[in-house]
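In this note's numbering, the protein residues as written are 21 to 175.
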């Protein structure tokens, strides 16, 4: 095993240990799953903004951002604003939906649609649409991560 692979696995084990430690510590300080996973529904909409911005940047930067700047020039940096404006627009314009979710206890859009339309079909459609968007995105991100690990460890 080369030195790069060894360091990669050392930092991987340290990172996983760090995540498990804070997960266990957080679970001991909470009394129920809703408090652990949803922070007792007391998270502000700005937390969504920062989480959505980081998720958008993760996909943009992992997949192609630096290569496109190299290929197309500095004008491509403007696409970085997409990673900020989409979540900011969500914070500004989805405030009503967020308030409804807090008031009635919705966690997913499917729950809100079911409560409004009283139909399981709309809930199933919501899950299917989410599935067909999330799975390809995750596959691309995992593929890019595997490529990055392969590149860093030289095979």
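For glycine and all other residues, C-beta sits at the position ideal for the given N, C-alpha and C. On a predicted model such as this, the values are computed, not experimentally measured, just so you know.
Check: Contact between the segment 108-123 and the segment 64-80: three or more CB pairs below 8 Å?
Finding: yes
Notebook entry, point to check: Can you check whether the CB of residue 147 is closer than 8 Å to the CB of residue 130?
Noted result: In the chain shown, residue 130 corresponds to position 110, counting from 1. In the chain shown, residue 147 corresponds to position 127, counting from 1. The answer is yes: Cβ separation under 8 Å.
Check: Where do the ends of the alpha helix (DSSP H) carrying residue 164 lie?
Finding: One-based indexing of the chain shown puts residue 164 at position 144. Run containing residue 164: 140-173, per the alpha helix (DSSP H) assignment.
Note to self: I'd like the span of the alpha helix (DSSP H) that includes residue 41, first residue to last.
What the structure shows: By 1-based counting over the chain shown, the position of residue 41 is 21. It spans 23-48 - the alpha helix (DSSP H) in which residue 41 sits, taken as one unbroken run.
Notebook entry, point to check: What is the DSSP secondary structure of residue 69, counted as helix, strand or coil?
Noted result: Looking up residue 69 in the chain shown gives position 49. In this structure, residue 69 counts as helix in the three-state DSSP scheme.
Notebook entry, point to check: Under a three-way DSSP split, which group does residue 126 fall into?
Noted result: As a position in the chain shown, residue 126 is number 106, starting the count at 1. In the structure shown, residue 126 sits in coil (DSSP, three-state: anything other than H, G, I, E or B).
Next item on the list: Rank 117, 35, 22 and 121 by C-alpha distance to the C-alpha of residue 58 and give the top, closest one.
Entry: As a position in the chain shown, residue 58 is number 38, starting the count at 1. Of the candidates 117, 35, 22 and 121, the one whose C-alpha sits nearest the C-alpha of residue 58 is 121.
Check: Distance, Cα to Cα, residue 114 vs residue 22?
Finding: For the purposes of this step, residue 114 is identified with residue 94 of the chain shown, where counting begins at 1. For the purposes of this step, residue 22 is identified with residue 2 of the chain shown, where counting begins at 1. Their backbone Cα atoms lie some 50 Å apart in a straight line.
Check: Would you call residue 119 buried or exposed, if buried means 16 or more other Cβ atoms sit within 10 Å of its Cβ?
Finding: As a working note, residue 119 is residue 99 in the chain shown. Per the 10 Å Cβ criterion, exposed.
Checklist line | Pair within 8 Å by beta-carbon distance, residue 173 and residue 36 | finding: Indexing the chain shown from 1 puts residue 173 at position 153. Indexing the chain shown from 1 puts residue 36 at position 16. Their beta carbons are not under 8 Å apart, which means residue 173 does not touch residue 36 by this criterion.
Note to self: Once DSSP output is grouped into helix, strand and coil, what is the label at residue 110?
What the structure shows: The count along the chain shown starts at 1 and reaches residue 110 at position 90. In this structure, residue 110 counts as helix in the three-state DSSP scheme.
Next item on the list: Could you tell me whether the Cβ atoms of residue 142 and residue 133 are closer together than 8 Å?
Entry: Taking the first residue of the chain shown as 1, we reach residue 142 at position 122. Taking the first residue of the chain shown as 1, we reach residue 133 at position 113. Cβ distance < 8 Å, so residue 142 and residue 133 count as in contact.
Check: What number of angstroms, rounded off, separates the C-alpha of residue 87 from the C-alpha of residue 157?
Finding: Taking the chain shown and counting its residues from 1, the one referred to as residue 87 is at position 67. Taking the chain shown and counting its residues from 1, the one referred to as residue 157 is at position 137. So the alpha carbons of these two residues sit roughly 19 Å apart.
Notebook entry, point to check: How about residue 5 and residue 64: do their beta carbons lie closer than 8 Å?
Noted result: As shown, the chain starts at 21 and ends at 175. That puts residue 5 outside it, with no answer to give.
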